[in-house]
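Shown next, in structure tokens, is the structure this report addresses.
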Amino acid sequence: MTALLRAEQLGLIGCQVCGLVSRAPSFADPGCSRCGSALRRRKPASLSRTWALLLAAFIVYIPANLLPIMRTASLGDVDDNTILSGIVELWEKDSQALAIIVFSASIVVPMLKFLALLVLLICVHRRSHWAQLQRSKLYRLIELIGHWSMLDVFVVALLTALVRFNLLSSVEPLPGVIFFGLTVVLTMFASLSFDPRLTWDHEEPHDRE
Amino acid sequence: MTENERPNEGLDQLPQPIVRRRRVSASWIWLVPALAAVVGASLVVRSALEAGPQITISFQSGEGLEAGKTPVKYKSVVIGIVHSLGLSPDRNSVLVKVNLHNSAESFATESTRFWVVRPRIGLGGVSGVDTLFSGAFIGADIGDSTESRKEFIGLESPPSVTHGTPGKSFQLHAGDLGSIDVGSPVYYRRIQVGHVTSYQLDADGKSVSLHVFIDAPSDRFVTQATRFWNASGVDVSLGANGLKLNTESLATVIAGGIGFQDMPGPQDDTPAPADASFVLFGDEATAMRPPDGEPTYIRMRFDQSVRGLGVDAPVEFLGIDIGHVVSVNLDYDEKTEHFPIIVGAVIYPRRLGRAQTKLAALAAKHGDGEDLAQTVGVLVAHGLRAQARNGNLLTGQQYIGLDFVPGAPKAAFDPAAKPLEIPTARGSLSQLQERLDSIVAKLQKVPFDKIGNHLDETLGQLSSTLKHVNTELLPELKGSLQGINKTLGSADKALGSADKAFSSDSPLQQNLGLTLEELQRMARSLRVFSDYLAAHPEALIRGRRADPAPRSPPPPAPPPPPAQGSGP
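Chain order of the listed sequences is A and B. First residue of the first sequence: 2, per this note's numbering; consecutive thereafter. First residue of the second sequence: 14, per this note's numbering; consecutive thereafter.
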């Protein structure tokens with residue numbers, strides 16, 4: 002079996018929005034003649050963008066974990082919690098199930114994203130052939146779970162809005178939650194800017210030879 | 014082949030892309046991590062800049078303190094946060110490490126004080142209620158010192174005066190604390206102008222020192238002549254004006270308090286300097302009394318019971334309170350085999366006022382010196398005696414009265430004795446009591462029983478007699494009375510008849526007239542006869558002679574009519 006033909010080899014380019022297939026243009030920055038959206042063979046500067054965003058997300062992730070994300074005040078007892086201390090507190094107060102949920106959403110998922118993107122990026126750089134299928138599955142997984150890591154931010158936003166009993170109890174967001182939200186957004190952008198097709202790109206020279 | 018061709022042919026018919034506006038360079042994306050790095054770095058720098066000195070405060074207890082949570086506040090502004098809690102090496106205290114903010118570096122100096130603010134509920138008020146819910150925090154108060162310091166010993170209770178409060182602090186000395194506590198109010202003319210800041214037992218353990226803080230501007234009313242008194246509780250006095258109930262304020266009744274005021278009259282009214290010392294008197298009356306001067310100890314020996322005479326009973330000289338009793342002791346006299354009672358008292362000669370100065374001047378003139386003993390000696394010679402007197406008839410409380418007792422027997426007085434011994438006399442009431450006793454004794458000798466018995470017997474007899482009279486005598490009396498009545502009736506009749514008999518037309522009356530006439534005649538004839546006899550005595554023997562002359566008898570004939578009334 003000969004290798005499957007690629008659009009590039011045929012001088013074709015597909016619109017990612019409306020699906021119109023056009024001729025590969027000779028000029029830069031082509032647009033779809035039907036819907037006007039940009040036509041790109043691959044996401045532009047995918048690797049560098051992903052790297053940059055991933056790095057930024059990682060930097061922001063440090064204060065997100067160190068700074069308190071939420072202040073709960075009940076009957077004057079003010080309590081500032083970081084993500085980890087909140088999890089520990091939940092665990093100690095016999096809400097292990099909740100602790101696990103928060104832990105996986107706030108710690109595991111972002112870390113998983115970092116690692117997965119890191120693996121994907123490194124593999125692309127090394128033009129690795131290793132576990133290409135699994136890597137694309139991994140990418141889809143990242144896309145899927147990425148939204149869930151906003152859980153913490155939502156919890157804080159909801160509590161802040163709902164728990165307003167002045168003296169009795171109140172919840173206030175603290176800077177940590179902003180950094181955490183930034184982390185989540187940045188990792189989402191990073192995974193968006195990553196082009197999974199890159200995983201398969203460097204196959205061609207192999208096959209041609 | 015055609016299948017292969019078809020797409021190739023179709024490819025030519027595919028639309029050409031349009032030209033789009035040029036996009037921004039992709040390399041700008043690196044600004045995002047750069048920005049994140051800058052923000053992260055700024056956070057690090059900020060926290061590094063904010064970090065002030067770390068100090069260690071030791072407390073007796075770490076109650077309510079939480080690492081990483083408990084703030085340190087000065088005037089309700091957070092100046093630091095507790096970093097960690099730990100025990101001291103000797104396990105006697107809690108070491109609290111506090112991270113002060115950078116701006117609060119000046120608090121890490123010598124005179125700064127730290128204490129734990131907890132809710133405190135006392136009689137004088139409630140403080141730190143907010144900490145009930147928010148949890149304890151560490152309060153701080155800065156001082157004047159600039160000397161840097163990292164180790165502090167925390168106060169166990171909040172200082173009652175914070176640094177820089179305008180006003181003055183004064184020291185008071187008292188025998189005991191009473192119901193005063195830290196925070197108890199200080200009143201000037203019943204306005205609260207300050208409070209008690211601290212108290213402690215003196216080193217010798219015999220008195221108490223208090224510190225009070227008087228807020229400006231009232232601190233200028235504390236002068237050299239100011240007297241402080243314990244205004245705690247209710248002062249109830251029963252005087253000639255009736256019952257008087259006096260209290261500084263309702264709060265002092267419960268929580269205690271201190272009042273102060275200048276002595277009446279012209280006084281040294283320069284404001285007292287800060288930290289000046291004053292005596293804290295027990296009550297306002299004592300405080301306002303003129304100074305007593307040096308006390309003199311006197312002793313008295315009583316031979317009768319001094320029931321009702323207690324320590325602190327007043328000693329009065331002519332009704333003026335000049336001292337009080339300090340001891341009442343029993344003694345035994347071997348010679349007389351009596352139990353005399355030795356009463357010790359303290360008197361203040363200055364309380365005698367003008368009299369004392371004059372007496373002293375007099376004594377000086379006589380060259381006796383100002384010794385009280387000489388003066389007292391003179392007074393004793395004039396009859397000065399101590400008496401245990403009843404001050405209150407209801408309670409039997411007694412006091413010592415020094416008074417001039419007229420006709421008191423001469424008493425020995427030794428002016429050299431120490432302490433002075435003042436001769437005593439029986440109290441007026443005890444004398445009265447004695448007399449009453451003797452009267453009672455005499456009364457007791459009267460055989461009331463016997464008298465009673467006799468009386469009873471007599472009365473019995475009387476009763477039987479009366480009965481006898483009733484039953485026997487009275488009926489008889491009745492009979493007699495009837496008899497009398499009858500008799501009287503007949504008497505009445507008799508009288509009636511007598512009356513009839515004596516009436517002018519009665520035969521008796523007529524007979525009587527005739528009889529009288531007859532008697533007249535008889536008397537006339539008798540006179541004639543006697544005249545005849547006188548003239549003729551021989552007629553008795555010879556008989557009557559024949560009338561010589563019948564005419565001679567007429568002379569005696571005329572007198573018969575007058576002799577009719579004065580008959581025989």
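C-beta: ideal position from N, C-alpha, C; glycine also.
Two segments are said to touch when three or more pairs of C-beta atoms, one from each, lie closer than 8 Å; by this definition the region 290-310 of chain B does not touch the region 212-220 of chain B. Counting only Cβ-Cβ distances below 7 Å, residue 88/A has no contacts in chain B at all, with the closest Cβ about 17 Å away. Positions of the alpha helix (DSSP H) runs, each at least 4 residues long and wholly inside the region 288-352 of chain B, are given as 297-301 in order along the chain.
Rounded to the nearest angstrom, the Cβ distance from residue 188/A to residue 111/A is 6 Å, consistent with a contact under 8 Å. The beta-carbon separation of residue 156/B and residue 124/B, rounded to 2 Å, stays under the 8 Å limit for a contact.
The Cβ-Cβ distance between residue 74/B and residue 107/B falls below 8 Å. DSSP places residue 131/A outside both helix and strand once states are collapsed to three, so it counts as coil. For residue 60/A, the chain B residues whose C-beta falls within less than 7 Å of its own C-beta are 46, 49, 50 and 53, listed in chain order. In summary, the residues of the region 14-46 of chain A whose CB is separated from some CB of chain B by less than 8 Å are 14, 21, 22, 23, 24, 26, 28, 29, 30, 31, 32, 33, 34, 35, 37, 39, 40, 45 and 46, in the order they occur in the chain. Between residue 337/B and residue 368/B, the gap from beta carbon to beta carbon reaches 8 Å or more. Beta-bridge analysis with DSSP links residue 212/B to 223/B. Judged by DSSP secondary structure, residue 357/B falls within the beta strand (DSSP E) whose first and last residues are 354-360. The CB of residue 49/A comes closer than 9 Å to the CB of 39, 40, 42 and 43 in chain B, given here in chain order.
Residues of chain B with a Cβ closer than 7 Å to the Cβ of residue 63/A are, in chain order, 53.
At a cut-off of 8 Å between C-beta atoms, residue 57/A counts as an interface residue with respect to chain B.
Beyond the five residues adjoining it in sequence on each side, residue 205/B comes within less than 6 Å, by CB distance, of 198 in the same chain, given in chain order. A Cβ-Cβ distance of about 7 Å is found for the pair residue 194/B and residue 268/B, placing them in contact under the 8 Å criterion. Taking 8 Å as the threshold, the shortest C-beta distance from residue 152/A to chain B does not fall below it. The Cβ atoms of residue 330/B and residue 415/B lie closer than 8 Å to each other. In the structure shown, the three-state DSSP call for residue 28/A is coil. Secondary structure at residue 176/B: coil, using DSSP grouped into helix, strand and coil. Chain A places no beta carbon closer than 8 Å to that of residue 98/B, leaving this residue out of the contacts. Chain A has no Cβ within less than 8 Å of the Cβ of residue 111/B.
The continuous alpha helix (DSSP H) containing residue 497/B extends over residues 487-515.
Exposed is the label assigned to residue 453/B, since fewer than 16 other Cβ atoms lie within 10 Å of its Cβ.
Sequence-distant Cβ neighbours of residue 170/B in its own chain, meaning closer than 6 Å and more than five residues away, do not exist here. The three-state secondary structure of residue 105/B, taken from DSSP, is coil. Closer than 9 Å at the C-beta level to chain B, one finds no residue of the region 116-143 of chain A.
Contacts between residue 54/A and chain B, judged by CB atoms closer than 9 Å, involve 42, 45 and 46 in chain order. Cβ-Cβ distances below 6 Å link residue 232/B to 180 and 181 in the same chain, with the five nearest sequence neighbours on each side left out; the list follows chain order. Across the set 404/B, 407/B, 433/B and 396/B, the C-alpha of 396/B shows the shortest separation from the C-alpha of residue 417/B. Residues of the region 198-210 of chain B with a Cβ closer than 8 Å to any Cβ of chain A: none. Residue environment: residue 92/B is assigned as buried (16 or more neighbouring CB atoms within 10 Å of its CB, all protein chains considered). Contact check for residue 117/A and residue 139/A: beta-carbon distance about 5 Å, within the 8 Å limit, so the pair qualifies. For residue 29/B, the nearest beta carbon of chain A is closer than 8 Å to its own beta carbon.
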